[in-house]
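Asker: Structure incoming, see below.
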Amino acid sequence: MAKKEGKPKKRRKSLPDPKKWKQCKRKGCDDYAIFLEDYCWRHLPDKAKSKYKAKIEKWVKAGHSLEAANLQDVILQEAYLKYADCRRANLRWANLQKAYLSMVKLQGAFLTGVLWNEAQYFSLQNLGRIKRVGEEINKDWRYAQDAYRRLKNYFHQQGRYQDESEAYYREKLMAKHEAYDQCFKKKQPKNFFNWFGLWLLWAVAGFGERWMRIIPWGAGILLFFTGLFFLGSNLGWGAPYDHPTLLSIGNLFDCFVFSVVTFVTLGFGKIWTSAWLAKALIILEAGLGFVFLGMFVVLIARKFGR
């Protein structure tokens, strides 16, 4: 007996690919249509705008991905986006105020101009282990700087000082990269001092957020001047001597002690020199010590005062 043929199974409609962007249907508009719509946000009808947040929430709740989706300018205020996969999504100038962002994946997302005010359960961990926005990955330093600045301000308002510190560090790092491009790639020498100042702050103290870097710099200065005093003693151009006995100091350890007391500006007075070159080195090391120790104290107080 032949089996009855059942109803043909309805073919499941393939889901739209967030990575495939399409042009806005509005004539003369050069923008891309936002995800799941045929128009950019500016030209999307008001009725569709009012339903867009619910549409995205439903999409996320069903477990679908927003990876590489175009969400530029969209208003997702108070949207529930828990577990949303927004990796490499374009969220530029989106409104995420009071949105629920727990466990949202934002690795490589474009975040210029995003409104974060009172967004819930959001931290730099949402950006993944590398903690980089899409603008930085694309080396668009100016827009990346804006993205990190907005993140910094949001984290400060939320009292997430560790995340604020990291966002501030990356903001200044983007400024350094931008200054480098302006100076060397775009041949604008007037930006050299801006770049050099940012580079120096980055190298010495990580813009004030990597205070431990000061320690190897300080140790390097101590050892460098120890070597200079030792060479001066043995070559005769700047020999330090013991103050009471006037005996020349040729011992490496004594030169190190002299360098330490000069760097920390204690000035015991037991070891001294009459050579003008050695005196110039003493003034230089004392000045560097004053700057580095002052910077170290300020950064420690700032870091742990939070």
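Residue numbering for the sequence shown follows the numbering used here, starting at 94 and increasing by one per position. Backbone N, C-alpha and C define an ideal beta-carbon position, used for all residues, glycine too. All figures in this text were calculated on a predicted structure; none of them were measured in a lab.
1. Shortest alpha-carbon distance to K144 belongs to which of A161, V167, A379?
2. Rounded to whole angstroms, what's the CA-CA distance from Q238 to E264? Just pull it up for me.
3. Between A432 and the rest of its own chain, which residues show a CB-CB distance below 8 Å, the 5 nearest in sequence each way excluded?
4. Quick check on Y193: does DSSP put it in helix, strand or coil?
5. Going by the CB atoms, is the gap between V226 and A192 shorter than 8 Å?
6. When the Cα of F323 is compared with those of I308, F351, M305, V297, which residue comes out closest?
7. Would DSSP call K232 helix, strand or coil?
8. Tell me, to the nearest whole angstrom, how far the beta carbon of L164 is from that of A187; I am working on the premise that it is less than 8 Å.
9. What are the start and end residues of the alpha helix (DSSP H) that includes V297?
10. Quick one: measure Cβ to Cβ for L374 and F318, integer angstroms, because I've assumed they're closer than 8 Å.
11. Let me confirm a value: K224 is counted as buried when at least 16 other C-beta atoms fall within 10 Å, else exposed. Which label applies?
12. Could you check what DSSP says for D178 in three-state terms: helix, strand or coil?
Answerer: Looking at the coordinates:
1. Numbered from its first residue, the sequence shown carries residue 144 at position 51. Of A161, V167, A379, the residue nearest in Cα terms is V167.
2. Within the sequence shown, residue 238 is the residue found at index 145, counting from 1. Within the sequence shown, residue 264 is the residue found at index 171, counting from 1. Going from the Cα of Q238 to the Cα of E264 covers about 5 Å.
3. Nothing in the structure corresponds to residue 432, since the chain is present only between 94 and 399.
4. Start at 1 with the first residue of the sequence shown, and residue 193 comes out as number 100. Looking at Y193 - three-state DSSP - the assignment turns out to be strand.
5. Walking along the sequence shown from the start, residue 192 turns up at place 99. Walking along the sequence shown from the start, residue 226 turns up at place 133. Taking 8 Å as the Cβ cut-off, A192 and V226 do not qualify as a contacting pair.
6. Here the question's residue 323 lines up with position 230 in the sequence shown. The residue with the shortest Cα to Cα distance from F323 is F351.
7. Taking the first residue of the sequence shown as 1, we reach residue 232 at position 139. Here K232 sits in coil by DSSP.
8. Numbered from 1 along the sequence shown, position 71 holds the residue referred to as residue 164. Numbered from 1 along the sequence shown, position 94 holds the residue referred to as residue 187. Indeed, because the Cβ distance is near 6 Å, the residues count as touching under 8 Å.
9. Residue numbering aside, residue 297 sits at position 204 when the sequence shown is read from its first letter. Unbroken alpha helix (DSSP H) run through V297: 285 to 298.
10. In the sequence shown, residue 374 corresponds to position 281, counting from 1. In the sequence shown, residue 318 corresponds to position 225, counting from 1. Confirmed, Cβ separation roughly 6 Å.
11. The sequence position of residue 224 within the sequence shown is 131, counting from 1. So K224 counts as buried.
12. What you label residue 178 is simply residue 85 of the sequence shown in a count that begins at 1. Strand at D178.
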